[in-house]
Structures are given as structure tokens and as C-alpha cells.
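Residue numbers (this note's numbering): 1 to 422. For every residue, glycine included, the Cβ atom is placed at its ideal position computed from N, Cα and C. See below for the structure under consideration.
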């Protein structure tokens, strides 16, 4: 119902043929979800609980981008193309077709960064994006070709065949998330991307890696030794990126590195190969998708006013932008998993799965990672909101901006009350 309400708002404000198609797709997804837990459209497309959650996240993110942007007419075709590719990706069960759609989404994303960006460094960011993702996707293609073309993502009885090829299968997903040490493309892409690119990248595209790992995990259960390496690298990387966030001055780069830290937690909990870790990871992916998208939107509001993203340039927003202060507080609190949001419950579930894997070591690393996340988030909030303001007048956000932030916030609250869906 919430998704249909948001779609209606988008239609009332931006009635185009693409928004109309988006509304029809939203209604179809909602009607199909009410019918059954597992829906089979044909031999290549199925929808289960995980696929429906990711499709809803994609639909909501695209609608929120349409509401938030000032150039919705120029980017509506690109957004609808990204939406179509992502929905097909989440519905695919054939491995080879899934690979094609998984890589095809890079094309509109690259065009969005290089064409709509304003700085000359956007070309370098696009090159980093393509080189990292394409290079890592080639082993995935080789691994798929080693198996039968009709391998099913949801039901597979051939996990024994994956013993020798599991590294080939997970490398592309690790870089797409991204895992620490393979994350250098993400801050560059976020910094150079326009608002629309940052929002769709943070909300959905990073979750493609997590979605792929969840689908592939049943196939690589026999390669359990990989888990030790991936969990160790992810958790240590989460601590290092937390330290990096403390020294960051660019707001977009700070939120991008924060995303790397969160993705590290998700990756580590997934590779504990427990049900509670999987459920906590899915919850964190949804909560992070909404909160990071809202934070990038707030950064864009400041950039459009001050024409800079340097933290030291903003002081005393509590006096000059009082209603923006509330939203900075709420989404920063969600980012550090403050109670009683879904982020807190998801982190508790992920921490339980990791502590069961290695109790003493993981408790120390989790404590350090949580402390560093809290430090840079509180530091961000105090630098922006407090101190003496240089602006003499009080300004308020536009109604459209306020609406966008409310629609980012409401799904997080509703999902907190309906955690049984995960």
C-alpha cells in the first residue's frame, strides 16, 4: 500500500509515460505478491520472497529519484531502463541470462555518471567502474560456461560440482558489493555521479552483489574455507574504512566509505552461512538502501545552496536550516543503527551470526567497528549542525524535498514493525 501511495504521488507531480509504466508495474508486483510465496512466470523467471523485496526496493528507489530530482524529464528514460534491467535481473533463474542482465545494468549507470556529471574527473570514475566490474565478471562468465546453461538460481542439486569453481562465481559479486580491497571504484563513482546516480547506486546497485551472493551461497557450501578469508577481510576492512571516514572532509566520500563499512558487515554475516546472518543481511540491505539514498539527497541540498561538499564549510545548520537538522539527525541515527529502527535489529542479528563463528575475536572487532562508526557519525552531525552559523537568515526546505525525505523515512519505520517479512 505504501508503494502504491508513493507511486500515486509521483504520478500527480510528474505525469509522464514512464511514470505511468512504473505505476502499472508497481500494481502488478503488489498483486502478484498477494497470491503466493513463490511465483513462476515461465521457465526463466520466478519471484520468491527475496526477489519481491529487492523489486520493491528498486521501485521505491526509482520513484524517490523521480520525486527528488530537478531534471526528471531528462533522466526518465535512463531511470526506466535501469528499472527494467534490475527487475528482470531479480526475476531471472537462468544463470547465463542472469549474468547478462547483471552486467547490462552497468551501461546506463556509466552513462549516468559520465554524461550527467559536472567534473572532468567523472571520466576517470567511469573507467574505474568499468575496469573493476568487467574484469571481475569475466571469471563469473567462465564459471557459468563450465556448468550447464540451465542451472537454476533457486533450486540446484549440483553443489558438488561447484567445489573447484566457487572462487570464479563469487569474485564478481564481491567487487559489486564491494568488499574491502576491491572498493576503490565506489568513492570515485559516488563523488563524480550526479544526485540520481548516487541515489540509485547506493540504494540498489550495491545490493546486486549481496543478492547474487545469497543466490550462489547454496552452490558453494562445500568451499567453506573461503569464508574464513572473506569474513576476516570484511571485518578488518570495516574497521579501516571507519577510521578513514573520521578523516574525510568530502560529504559524499564520507557516505561512500560508510557504505563500504556496512557492506563489509553484510558480507561477513552472509559467509557465516547461518539463517540469522542471512535475514540480518537482507534487513540491513533494505535499511542501508533507504538511509544512504536520503543522506546523498541531503548532501545535494547543501551542495545546491553552498556549492561545496567540504564539512568545514558548514556550521550552525540548526539555526539556518532548522527542519533540515531533524532529517540529518534521523538518517544519521539510522546509519549508526540507533534503536528502535530496523538497522539496530539487523545489526544484532548479524553480530549474533558472527559471534557464533568466532566468539572472542569477533566481539573485539565488532566493538571497534561499532565505536568507529559512532565516532564519525557523531562527528559529522556535530560539525554540520552545531557551531556558530555565518548565515543571518533562516531558510526552510521546499515541500518537494520534505516529501522526498518523509518517503525515505516511512518505509524504514514500516519495515521495523513488519520484520516477519524477512
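Here residue 199 really is in contact with residue 297; their C-beta atoms are around 7 Å apart, less than 8 Å. Contact annotation: residue 109 and residue 205 have beta-carbon atoms nearer than 8 Å. A Cβ-Cβ distance of about 19 Å is found for the pair residue 368 and residue 284, leaving them out of contact under the 8 Å criterion. Within its own chain, the residues whose Cβ lies closer than 6 Å to the Cβ of residue 230, once the five positions on either side in sequence are excluded, are 271, listed in chain order. A contact between stretches requires three or more CB pairs, one per stretch, nearer than 8 Å, and the stretch 375–386 fails this requirement with the stretch 355–363. Here the stretch 181–201 makes contact with the stretch 123–138; the two share three or more CB pairs at distances below 8 Å. For residue 418, the three-state secondary structure derived from DSSP is coil. Assigned with DSSP and collapsed to three states, residue 387 falls in coil, not helix or strand.
Spatial neighbours of residue 377 in its own chain (CB-CB distance under 7 Å, excluding positions within 5 residues in sequence) are listed in chain order as 332, 335, 336. C-alpha of residue 356 to C-alpha of residue 400: approximately 46 Å in a straight line. Secondary structure at residue 47: strand, using DSSP grouped into helix, strand and coil. Comparing alpha-carbon positions, the option among 85, 60, 90 lying closest to residue 52 turns out to be 90. The stretch 76–91 and the stretch 45–64 touch, with three or more beta-carbon pairs separated by less than 8 Å.
Look at residue 177 here: in three-state DSSP terms it is coil, with no helix or strand label. Residue burial annotation: residue 70 is exposed, with fewer than 16 other C-beta atoms found within 10 angstroms of its C-beta. Taking all protein chains shown into account, residue 411 has 16 or more neighbouring C-beta atoms within 10 Å of its C-beta and is therefore buried. According to the DSSP assignment, residue 187 belongs to the alpha helix (DSSP H) that extends over 185–192. Distance check between residue 317 and each of 106, 330, 276, 395 places 395 closest, using alpha-carbon atoms only. In this structure, residue 289 sits away from residue 172, with a CB-CB distance that is not shorter than 8 Å. Beta-bridge analysis with DSSP links residue 310 to 250.
Taking C-beta atoms as the reference points, residue 214 and residue 50 count as a pair closer than 8 Å. Beyond the five residues adjoining it in sequence on each side, residue 278 comes within less than 7 Å, by CB distance, of 214, 270 in the same chain, given in chain order. The DSSP-derived three-state label of residue 397 is coil. Straight-line spacing of the CA atoms in residue 142 and residue 422 works out to 33 Å.
With a beta-carbon spacing of about 4 Å, residue 192 and residue 122 fall inside the 8 Å limit used to define contacts.
Exposure of residue 417 is indicated by the presence of fewer than 16 other C-beta atoms within 10 angstroms of its C-beta. Excluding sequence positions up to five before and after residue 344, its CB lies within less than 6 Å of the CB of 337, all in the same chain and listed in chain order.
The alpha carbon of residue 114 has as its nearest neighbour, out of 145, 210, 194, 98, the alpha carbon of 194. Around the beta-carbon of residue 420, fewer than 16 other beta-carbon atoms lie within 10 Å, marking it exposed.
Taking all protein chains in view, the Cβ of residue 248 is crowded by 16 or more other Cβ atoms within 10 Å, so the residue is classified as buried. Taking all protein chains shown into account, residue 404 has 16 or more neighbouring C-beta atoms within 10 Å of its C-beta and is therefore buried. Residue 114: member of the alpha helix (DSSP H) spanning 106–116, first to last residue.
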